[in-house]
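A.B. asks: Sharing a structure here in structure tokens format.
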Ligand code: 28F
């Protein structure tokens, strides 16, 4: 790498045509395009652009190009221009053709891909411009260098004439204009949004480059330019922009070469719990991370722990911050340029090179230490934020431990609020989970105590903090429920110990009722899925109306049913009562309509219902206010007339 930098200072490596070695012609590319560009669908089509732009970006990273322009023309033609050195045009001594022609007509041709200088940006197989040439009905290469302008044109990769000089110029650069071949691509339709977002990302990853996109395929012409002086620092700033309160004065940033790799990292913290971590290898996004990200994570945890200890924020190893603690609110971008990247995993989305881990780790360790020393305010705020996360983690764990402790539910007294049934046979026993003490009272009086048990639950349990389920288990009410079920929980769970084969959620047909039902379904879904799978969980269906005419009493469970009953018993002198809550029913009515196995309707809960509740749970009780507001606005009407 030192060598490379030296060369840069002198104005570039002395390129000579002998660096080129040739593998083969372009026939294989047209035969099996998927092998070279992934597919012949939209992704493959766009890959052609990335391939050409990559070359310009490589030239920028080598320190020679500053501007790249991408132009989309109306007839599916794309042109890419850079102001780099220009692809060499001198004659190859053995092949007796221009280096430009070799680069465009031979697979893997060029020192760029196999020789001393390395290609860092990420063509799918690093095959470059010749592949694009092979898959284009027409391509034109224009090179400005050595005082002249040179061009050559190709059809499906075949040169139409020798490279020729068409004018003089003191400038330098490369322009490639190509039209994809309809024989290869099913459909040629460029997606400007996709192109713009790819170019934005590439601009962040290449500090100081200016990328302009001009789309002339639509009227009026679309124009957008990207230039980020700060590189990844700008990227981290952008990522931490929306809605997040930044806690640092200065974003941590490092850009260093180490053991032949270039490592660039930016880090900042926001005042929230979500983590944003993006990693790239050779400008290719690695959604599954890999060695570079692993190295970064260990360095971050280690540096922050060292700093917290040295500055007296933590005193014992027990107080050490974990990886989880230092990732809450983290916004980090990690980018590595490496000679022979190994992309691993099913989707090649993870970097496998072990040397990337140690290099990133040591670079980040060293520079983060330095950053923290020079920015004590930021250091303090970051550590305080992490300590807060650690505190929350410990509290959650303690709560979970008590509740999940081995045998925690064994031999425990049944909760006092449980009005148990007389039967000890689970097959015939039923447990009604009832909302509120008043409905609980009616249910206790109305039930058949031989086989029906009642457990009243308070609406208060709804104030469960955020979506942390360990907090849910912390609730007294929930604990009572778990004890009543008899199965214990987690590792100790034993379905055969279930004390009731029918567990019936009996709540009001209003918003609070819906809340509590959601909560209970979520609890069962997350902790007792086996109970749902075995079809032991039910939802009671209380009636909405009571219709009385003389001695005839009928109940209706929804509006159409009410109309039907009205028709049947005639509209005269009829007394209609609309139930607002279970508490309005007297014990006899509750028994008759909702609890008596002879008359009642029960809906068995299936896994799909519970899954949906689990999703709603986060909306209703999660920390985000907006989705909850939205849900309530959208569903306010339907919730009022809730029928399941
Ligand atoms: C619009 C796409 O492809 N730009 C490029 C260069 C510069 C050099 C180079 C490229 C020579 C033949 C391998 C110049 N001078 N934009 C581009 N700019 N390739 S591609 O060399 C590659 C070798 O094939 C270049 C001295 N060294 C390198």
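Residue numbers (UniProt numbering): 1 to 644. For each residue, glycine too, the CB sits at the ideal point set by N, CA and C. All values reported here derive from a predicted model rather than from experimental measurement.
1. Hey, quick one: how far does the alpha helix (DSSP H) through residue 233 stretch, first residue to last?
2. Once DSSP output is grouped into helix, strand and coil, what is the label at residue 34?
3. Can you name, in chain order, every residue of its own chain whose Cβ lies under 7 Å from the Cβ of residue 446, other than the five neighbours on each side?
4. Looking only at DSSP bridge pairs, what is residue 646 linked to?
5. So, under 8 Å CB-CB, residue 524 and residue 531 are touching, yes? Tell me the CB distance rounded to an integer number of Å.
6. Confirm, please, whether the CB-CB distance from residue 328 to residue 389 is below 8 Å.
7. Runs of 3 residues minimum, wholly inside the region 576-600: which ones carry the beta strand (DSSP E) assignment?
8. Could you name the residues that DSSP lists as bridge partners for residue 144?
9. So is residue 225 in contact with chain B if we call contact Cβ pairs under 8 Å?
10. On the three-state DSSP scale, how would you describe residue 525?
11. From residue 285 to residue 217, what distance separates their C-alpha atoms?
12. Hey, quick one: how far does the beta strand (DSSP E) through residue 269 stretch, first residue to last?
13. Under 8 Å: do the region 367-379 and the region 347-354 share three or more Cβ pairs, one atom per stretch?
14. Quick check: is any heavy atom of the ligand 28F less than 7 Å from the C-beta of residue 42?
15. Taking the CB atoms as reference points, tell me whether residue 502 and residue 430 lie closer together than 8 Å.
16. Looking at the strands, I want to know which residues DSSP matches up with residue 334.
17. Do the region 151-158 and the region 186-202 touch if we need at least three Cβ pairs shorter than 8 Å?
18. So, with DSSP's three-state summary, where would you put residue 483?
19. Determine the burial state of residue 165: buried for a count of at least 16 other Cβ atoms within 10 Å of its Cβ, exposed for fewer.
20. Can you give the Cα-Cα distance for residue 151 and residue 59, rounded to whole angstroms?
21. Mind reading off the beta-carbon distance from residue 686 to residue 500? Whole number of angstroms is fine, and I expect it under 8 Å.
22. My understanding is that residue 579 touches residue 542, with C-beta atoms under 8 Å, so please give their C-beta distance in whole angstroms.
23. Could you tell me whether any non-hydrogen atom of the ligand 28F is closer than 7 Å to the CB of residue 175?
24. Determine the burial state of residue 391: buried for a count of at least 16 other Cβ atoms within 10 Å of its Cβ, exposed for fewer.
25. What separation, rounded to the nearest whole angstrom, lies between the Cα atoms of residue 125 and residue 534?
26. Give me the Cα-Cα distance between residue 282 and residue 75, rounded to the nearest whole angstrom.
27. Considering only the alpha carbon of each residue, which of 320, 177, 313, 308 lies closest to residue 79?
28. Do you know whose CA, among 377, 362, 319, lies nearest residue 394's CA?
29. Could you pull the start and end residues of the beta strand (DSSP E) that residue 660 belongs to?
30. Taking the Cβ atom as the reference point for each residue, do residue 196 and residue 308 lie within a distance shorter than 8 Å?
31. If you follow the beta strand (DSSP E) that residue 305 is in, where does it begin and where does it stop?
32. Would residue 266 and residue 228 be called neighbours here (beta carbons separated by less than 8 Å)?
33. In whole angstroms, what separates the C-alpha of residue 333 from that of residue 273?
34. Are there any heavy atoms of the ligand 28F lying less than 7 Å away from the beta-carbon of residue 82, as far as the coordinates show?
C.D. replies: In terms of the structure at hand:
1. Here residue 233 refers to the residue found at position 233 when the chain shown is read from its first residue. Taken as a continuous stretch (DSSP letters only), the alpha helix (DSSP H) holding residue 233 covers 232-239.
2. Position 34 of the chain shown, counted from the start, is the residue given in the question as residue 34. Helix.
3. Numbered from its first residue, the chain shown carries residue 446 at position 446. Taken in chain order, the residues that qualify are 587, 588, 590, 591, 595.
4. In this structure the chain extends from 1 to 644, so residue 646 is not present and cannot be described.
5. In the chain shown, residue 524 corresponds to position 524, counting from 1. In the chain shown, residue 531 corresponds to position 531, counting from 1. Correct: roughly 6 Å between the Cβ atoms.
6. Counting from 1 along the chain shown, the entry for residue 389 is found at position 389. Counting from 1 along the chain shown, the entry for residue 328 is found at position 328. Yes, they are a contact pair.
7. none
8. Sequence index remark: in the chain shown, residue 144 carries index 144 (1-based). Residue 144 pairs with 149, 173.
9. Among the chains in the structure shown there is no chain B, since it carries only a single protein chain.
10. If you number the chain shown from 1, residue 525 lands on position 525. Correct three-state label for residue 525: helix.
11. Taking the first residue of the chain shown as 1, we reach residue 285 at position 285. Taking the first residue of the chain shown as 1, we reach residue 217 at position 217. Taking the straight line from one Cα to the other gives about 28 Å.
12. Start at 1 with the first residue of the chain shown, and residue 269 comes out as number 269. Segment 261-269, the beta strand (DSSP E) holding residue 269.
13. no
14. Mapped onto the chain shown, residue 42 falls at position 42. Not under cutoff, so the answer is no.
15. For the purposes of this step, residue 502 is identified with residue 502 of the chain shown, where counting begins at 1. For the purposes of this step, residue 430 is identified with residue 430 of the chain shown, where counting begins at 1. Yes, the Cβ-Cβ distance between residue 502 and residue 430 is below 8 Å.
16. Your numbering for residue 334 matches position 334 in the chain shown. Per DSSP, 265, 279.
17. no
18. For the purposes of this step, residue 483 is taken as residue 483 along the chain shown, with counting starting at 1. In this structure, residue 483 counts as helix in the three-state DSSP scheme.
19. The sequence position of residue 165 within the chain shown is 165, counting from 1. Under this definition residue 165 is an exposed residue.
20. The residue labelled residue 151 in the question sits at position 151 within the chain shown. The residue labelled residue 59 in the question sits at position 59 within the chain shown. Between residue 151 and residue 59, the C-alpha separation is close to 19 Å.
21. It is not possible to answer for residue 686, since the shown part of the chain is limited to 1 through 644.
22. Position 579 of the chain shown holds residue 579. Position 542 of the chain shown holds residue 542. Right, the Cβ-Cβ distance comes to about 7 Å (below 8 Å), so this counts as a contact.
23. In the chain shown, residue 175 corresponds to position 175, counting from 1. Residue 175 Cβ: within cutoff of the ligand 28F.
24. Within the chain shown, numbered from 1, the residue matching residue 391 stands at position 391. Under this definition residue 391 is an exposed residue.
25. As a first step, residue 125 must be located in the chain shown, where it is residue number 125. As a first step, residue 534 must be located in the chain shown, where it is residue number 534. Confidence in residue 125 is poor, its pLDDT being 33 and thus under 50, which makes the residue's placement too unreliable to answer from.
26. The residue labelled residue 282 in the question sits at position 282 within the chain shown. The residue labelled residue 75 in the question sits at position 75 within the chain shown. Roughly 32 Å separates the two Cα atoms.
27. Within the chain shown, the letter at position 79 stands for residue 79. Cα-wise, what sits closest to residue 79 is 177.
28. Position 394 of the chain shown, counted from the first residue, corresponds to residue 394. When each option's Cα is compared against that of residue 394, the closest is 319.
29. Residue 660 cannot be examined here, being either before or after the span of the chain that is shown, 1 to 644.
30. In the chain shown, the residue the question calls residue 196 occupies position 196. In the chain shown, the residue the question calls residue 308 occupies position 308. Contact flag unset, no.
31. Working through the chain shown from its first residue, we reach residue 305 at position 305. Residue 305 -> not in any beta strand (DSSP E); alpha helix (DSSP H) instead, spanning 291-310.
32. The count along the chain shown starts at 1 and reaches residue 266 at position 266. The count along the chain shown starts at 1 and reaches residue 228 at position 228. No, the Cβ-Cβ distance between residue 266 and residue 228 is not below 8 Å.
33. Translated into the one-based positions of the chain shown, residue 333 becomes position 333. Translated into the one-based positions of the chain shown, residue 273 becomes position 273. Answer to the nearest angstrom: the Cα atoms are 17 Å apart.
34. For the purposes of this step, residue 82 is taken as residue 82 along the chain shown, with counting starting at 1. Yes, the beta carbon of residue 82 sits closer than 7 Å to at least one heavy atom of the ligand 28F.
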